Amino acid sequence: MAVTNSAGTGRSHGRAVGTGSFAAVVLVAVCGSPAYVDWAAANTDPTGAGGWFLRLLAWPAWRFGVGEGSGVGAADVTAILLVLLAAGFLHLLSASQPARGPGVGQFFTGWAAYVLASGFAAFLGSFLGPDAALAVAFQATGTGVTYGFFAGWIIGAASLGGRA
């Protein structure tokens, strides 16, 4: 027997994508902000697991004209791409799930969407930096995927909470 979408699943799919996307915006806006980045650099121990995680959450460290330069830089574009790609992957991956209530599958879908979005955002954003090269893009992608893997559970939990 095939599982088909019922009348209410479009709304629950939209809520899962909406809450996951909102969580991505908040995560990038708060943890990538200059204030958080400066706090994490000054007040955490990079050799401990907690300090390492708090510093990792600071990726991508956007500036949007704050500080020495004005305008939009490569990290700023990466932050924008991360939010847009997260919403896109959440939509694509959530739409492919069967019409069921919330569960482990929705959690992992949100998590995977954020890992993919982080990797692609880092890869694409690295070509806008001063050292635009394929090797630099691959290294940046590794950083982005690491960030997505360790921070993506937040997005997974948020998209799970949006499913009704």
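Numbering (the working numbering), first residue to last: 1430 to 1593. The C-beta atom is built at its ideal place from N, Cα and C for all residues, glycine as well. Model, not experiment: these values are computed from the prediction.
In this model, tyrosine 1465 and aspartate 1560 are separated by some 26 Å (Cα to Cα). Counting along the chain, no alpha helix (DSSP H) covers serine 1462, and no H or E run does either.
A distance below 6 Å between beta-carbons, with the five flanking residues on each side excluded, links alanine 1503 to the following residues of its chain, in chain order: Gly1554, Leu1557 and Gly1558. Shown here for serine 1523: same chain residues with a beta carbon closer than 6 Å to its own, the five before and five after excluded, namely His1442, Ala1445, Val1446 and Thr1538 in chain order. Secondary structure remark: continuous beta strand (DSSP E) runs of at least 3 residues inside the region 1506-1549: none found.
Taking a 10 Å sphere around the C-beta of proline 1475, we find fewer than 16 other C-beta atoms and assign the residue as exposed. In this structure, the straight-line span from the alpha carbon of leucine 1545 to that of phenylalanine 1493 is close to 24 Å.
Tryptophan 1491 carries a coil assignment under DSSP once its states are collapsed to helix, strand and coil.
Judged by beta-carbon spacing, tyrosine 1576 lies beyond the 8 Å limit of tryptophan 1481, meaning their Cβ atoms are not closer than that value. Linking alanine 1587 to glutamine 1535 through their CA atoms gives a straight-line distance of about 10 Å. Counting along the chain, no alpha helix (DSSP H) covers alanine 1562, and no H or E run does either. Nearest Cα to threonine 1507 within the set Ala1550, Trp1540 and Leu1485: Ala1550. Separation of tyrosine 1543 and valine 1455 (C-alpha to C-alpha, rounded to the nearest whole angstrom) is 13 Å. Using a Cβ distance threshold of 8 Å, alanine 1490 and serine 1450 do not count as a contacting pair. Taking each of Pro1463, Ala1478, Leu1519 and Val1533 in turn and checking the Cα distance to alanine 1452, the smallest one comes out for Leu1519.
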